[in-house]
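Peer 1:
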Amino acid sequence: MRRLVILLALPLALPAQATPPAQQQGQQRQAPQPGQPGRGVLGSVNMTAADSAVKRVVDRLDFTSYKALIKGLTEFGDREQGTPRNAQANDWIEAQLKSWGYTTERVKYDYQGSPREQVFATKIGSTTPGEMYIIGGHMDGRGGGEAANDDASGTALVMEIARILAAPDVTTNRSVRFALWNNEETGLNGARAYVDQRAKLQGIEQPKGSGKYPEPKWLGMIQHDMMLWDHGVPVQWNQTLDADVDIEFQLNSAKADESAQLALKLLNANRFFATDYPAAMSNAMSNTDSGPFQDLVAAVSLRENRRLFETGRGANPHWHRATDLYVSFSDADFRLGFNAMQTTLGAVARLVEARIR
Ligand SMILES: [Zn+2]
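First residue of the sequence shown: 490, per the numbering used here; consecutive thereafter.
Right, dumping it as structure tokens:
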């Protein structure tokens with residue numbers, strides 16, 4: 490009987506049509522063979538041998554796994570900071586990372602007089618372990634629903650990249666840190682605590698001569714916050730045909746030039762490695778966990794829409810609402826988040842020289 494209830498409930502919540510945009514446009518996309526030139530969202534691109542090596546890593550990203558990680562996070566409701574469901578979600582995230590072989594760590598901090606925690610894990614570079622890129626999403630949410638899009642979609646993106654880079658046959662020259670921020674919704678408190686506690690530890694070998702770096706030098710920070718929904722303004726029922734991944738940096742920051750260069754790296758990676766949706770770049774990054782980093786290191790955010798000019802003007806009706814549920818999103822929506830993941834992993838794999846042995 491339970492199954493019957495689900496079948497009856499689904500059509501109310503799911504969009505009527507969930508076809509990927511390539512099919513909507515009547516285009517046939519063929520997956521390129523390994524080592525062959527890719528056909529990305531902007532057509533064929535000639536790949537170098539190094540690009541083809543990166544593509545082999547990106548091709549391991551799994552759409553079903555990405556959705557399952559989002560679903561797993563939504564089982565804990567909106568994961569609002571300070572609640573038992575938030576603490577349980579942290580434990581679950583940590584257990585997943587451990588199951589892939591990572592040693593996890595926690596940043597402990599204080600929020601309005603109460604202790605809070607957030608989890609991170611690190612893929613340690615094989616030749617230059619003392620330098621890293623940080624990839625982030627925020628595991629807390631609000632609104633009383635499941636915070637599926639804001640921000641299980643970004644948290645799962647970070648986790649799926651962590652899963653792929655954890656494979657025993659994958660090496661990276663530099664390190665990559667996976668940060669699942671808490672307390673984003675209360676004012677970026679988790680990311681600020683990380684910066685406050687750890688900026689000063691950068692690049693210090695500890696103990697001396699061990700080759701271990703508790704806080705590798707920051708090369709860049711890439712944040713993921715709300716990844717699934719680009720239905721246009723006014724909002725359409727389906728993912729729009731011009732849906733894109735928005736890459737933002739902050740022009741009014743000390744590291745604006747470096748951040749713009751990092752954003753360009755992501756834009757170009759999108760052209761090589763994303764399968765369905767293009768990316769666009771703009772300069773008004775705001776209200777997300779890359780903010781506390783923007784005056785210290787190259788910092789960018791990836792989103793379904795520009796935060797100030799689209800999200801802030803009503804582009805996503807589920808934002809901070811009880812309808813931010815797993816069932817509110819179609820495969821075409823999940824596919825936009827998946828393309829952001831291909832974009833980030835493509836760029837980072839190039840930057841840290843990821844390889845499959
Ligand atoms: Zn968010």
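For glycine and all other residues, C-beta sits at the position ideal for the given N, C-alpha and C.
1. By the DSSP assignment, the alpha helix (DSSP H) with Asp822 in it spans what residues?
2. At the level of alpha carbons, what is the spacing between Leu717 and Leu550?
3. Could you tell me the alpha carbon to alpha carbon distance between Arg574 and Val534, rounded to whole angstroms?
4. Is Val722 helix, strand or coil when you go by DSSP?
5. Give me the Cβ distance between Gln847 and Ala787, rounded to the nearest whole Å; I'm assuming they're in contact under 8 Å.
6. Between the alpha carbons of Pro523 and Phe782, how many angstroms are there, rounded?
7. Can you find a CB in chain D that lies within less than 7 Å of the CB of Gly801?
8. Suppose the cutoff is 6 Å on Cβ atoms and the five residues either side in sequence are ignored; what does the same chain contact list for Tyr683 look like?
9. My output table needs one value for Lys706: the three-state DSSP class, helix, strand or coil.
10. For a test of the three-state rule: what should DSSP assign to Arg802, helix, strand or coil?
11. So, at 6 Å on beta carbons, what are the nonlocal neighbours of Ala655 in its own chain, with the 5 sequence-adjacent residues on each side left out?
12. Could you tell me if the beta carbon of Asp640 falls within a distance shorter than 6 Å of some heavy atom in ligand 1?
13. In chain order, what residues of the same chain have a beta carbon less than 6 Å from the beta carbon of Gly614, not counting five sequence neighbours either side?
14. Could you tell me which uninterrupted alpha helix (DSSP H) segments, each at least 4 residues in length, are contained entirely in the segment 661-691, listed from first to last along the chain?
15. Which residues does DSSP list as the beta-bridge partners of Ser790?
16. Hey, out of Val734, Asp784 and Leu669, whose CA is closest to Ala584's CA?
17. Please report how far the alpha carbon of Gly626 lies from the alpha carbon of Leu753, in whole angstroms.
18. Suppose you measure from the CA of Ala578 to the CA of Asp639; what does that come to, to the nearest Å?
19. Measure the C-alpha to C-alpha separation of Leu690 and Gln725 and round it to an integer number of angstroms.
20. With C-beta atoms as the reference, is Val789 less than 7 Å away from Tyr622?
21. Could you tell me the distance, in whole angstroms, from the CA atom of Gly721 to the CA atom of Gly561?
22. Could you give the first and the last residue of the continuous alpha helix (DSSP H) run that contains Ile693?
23. Can you give, in chain order, each stretch of the beta strand (DSSP E) that sits fully within the segment 531-596 and has at least 3 residues?
24. Give the single residue among Gly566, Asp540 and Leu558 whose Cα lies nearest to the Cα of Ala811.
25. For the beta strand (DSSP E) that contains Lys612, what are its first and last residues?
26. What does the alpha-carbon distance come out to for the pair Glu694 and Leu825?
27. Would the C-beta of Asp714 count as close to ligand 1, meaning under 6 Å from any of its heavy atoms?
28. If we call anything under 7 Å between Cβ atoms a contact, is Pro618 one with Tyr702?
29. Reducing DSSP to helix, strand and coil, say where Ala769 ends up.
30. Anyone know if the C-beta pair for Asp629 and Asn678 falls short of 7 Å?
31. Can you name, in chain order, every residue of its own chain whose Cβ lies under 7 Å from the Cβ of Asp733, other than the five neighbours on each side?
32. Using a 10 Å radius around the Cβ and a threshold of 16 neighbouring Cβ atoms, would you call Asn741 buried or exposed?
33. What is the rounded straight-line gap between the Cα of Arg687 and the Cα of Leu730?
Peer 2: Taking the coordinates as given:
1. Per DSSP, Asp822 belongs to the alpha helix (DSSP H) from Asp820 to Val841.
2. Here the alpha carbons of Leu550 and Leu717 stand approximately 16 Å from one another.
3. Computed Cα separation, rounded: 45 Å.
4. Three-state DSSP puts Val722 in coil, outside helix and strand.
5. Because the chain in this structure spans residues 490 to 846, residue 847 falls outside the shown range and cannot be described.
6. Annotation note: pLDDT 44 at Pro523 (below 50); position unreliable, coordinate value reported separately. Whole-angstrom Cα-Cα distance: 37 Å.
7. The displayed structure is made up of one protein chain only, and chain D is not part of it.
8. The beta carbon of Tyr683 sits closer than 6 Å to those of Val596, all from its chain and outside the five residues before and after it, given in chain order.
9. Here DSSP, grouped into helix, strand and coil, assigns Lys706 to strand.
10. Helix at Arg802.
11. Within the same chain, and ignoring the five residues on either side of Ala655 in sequence, the residues whose Cβ sits closer than 6 Å to its Cβ are Trp589 and Gly590.
12. Yes.
13. Excluding sequence positions up to five before and after Gly614, its CB lies within less than 6 Å of the CB of Thr661, Asn662, Arg663 and Ser664, all in the same chain and listed in chain order.
14. Listed in chain order, they are 678-687.
15. In the DSSP assignment, the residues bridged to Ser790 are Gln712 and Glu737.
16. When only C-alpha atoms are compared, the closest one is Leu669.
17. Just so you know, the alpha carbons of Gly626 and Leu753 end up roughly 20 Å apart.
18. Near 14 Å, if we compare the C-alpha coordinates of Asp639 and Ala578.
19. If I take the Cα positions, the gap works out to 47 Å.
20. It is not a contact, given that the beta carbons lie outside the stated cut-off.
21. Each residue's alpha carbon lies about 28 Å from the other.
22. In this chain, Ile693 is not harboured by any alpha helix (DSSP H), its DSSP state being neither H nor E.
23. Segments of the beta strand (DSSP E) lying fully in the segment 531-596: 532-534.
24. Nearest option by C-alpha distance: Gly566.
25. Counting along the chain, the beta strand (DSSP E) containing Lys612 begins and ends at Ser603 to Lys612.
26. Each residue's Cα considered, the two are about 39 Å apart.
27. The answer is yes for Asp714.
28. Yes, these two residues count as a Cβ contact at 7 Å.
29. Correct three-state label for Ala769: strand.
30. Taking 7 Å as the cut-off, the beta carbon of Asp629 is found no closer than this to the beta carbon of Asn678.
31. The beta carbon of Asp733 is closer than 7 Å to those of Asp719, Tyr766, Pro767, Ala768 and Ala769 in its chain, skipping five residues each way along the sequence.
32. Counting Cβ neighbours within 10 Å, Asn741 comes out exposed, since fewer than 16 surround it.
33. In this structure, the CA atom of Arg687 is about 42 Å from the CA atom of Leu730.
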